[in-house]
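Q: First the structure, then my questions, so here it is.
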Amino acid sequence: MAKLKESVQCFDRKKTAVVVIHCKCGHSLIKINGCPIELIEPPIVRFKAYEPIHLLGRQHFDRVDMRIRVNSGGHTS
């Protein structure tokens, strides 16, 4: 029987921007470049980051910790 993975790491690129997401079981903690998602500024960027969470429903993220690293691509990447 296949062993379940404890964590998943994904990445994507668009032009010069690169994002790496590390997901694991946890307590609904989401950090973007080391900053909790609730503290992201400006507010319009925070709302854009919350979009997938609102679309899928918060219950799908209750037991998942995500560390998101974004490099390059300007202020709003």
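Those letters in the sequence shown? Residues 102 to 178, per the numbering used here, in order.
Even for Gly, the Cβ is constructed at its ideal location relative to N, Cα and C.
Kindly confirm or deny that the stretch 115-133 and the stretch 163-173 touch, where touching means at least three C-beta pairs closer than 8 Å.
A: Because the criterion of three Cβ pairs below 8 Å is met, the stretch 115-133 and the stretch 163-173 touch.
Q: How would you call residue 145, buried or exposed, if buried means at least 16 neighbouring beta carbons within 10 angstroms?
A: The count along the sequence shown starts at 1 and reaches residue 145 at position 44. The residue is exposed, with fewer than 16 neighbouring Cβ atoms inside 10 Å.
Q: Can you tell me whether residue 114 is helix, strand or coil according to DSSP?
A: Here residue 114 refers to the residue found at position 13 when the sequence shown is read from its first residue. Three-state DSSP puts residue 114 in a strand.
Q: Mind checking which residues open and close the alpha helix (DSSP H) that includes residue 145?
A: On the sequence shown, residue 145 is found 44 positions in, with the first residue counted as 1. Residues 144-157.
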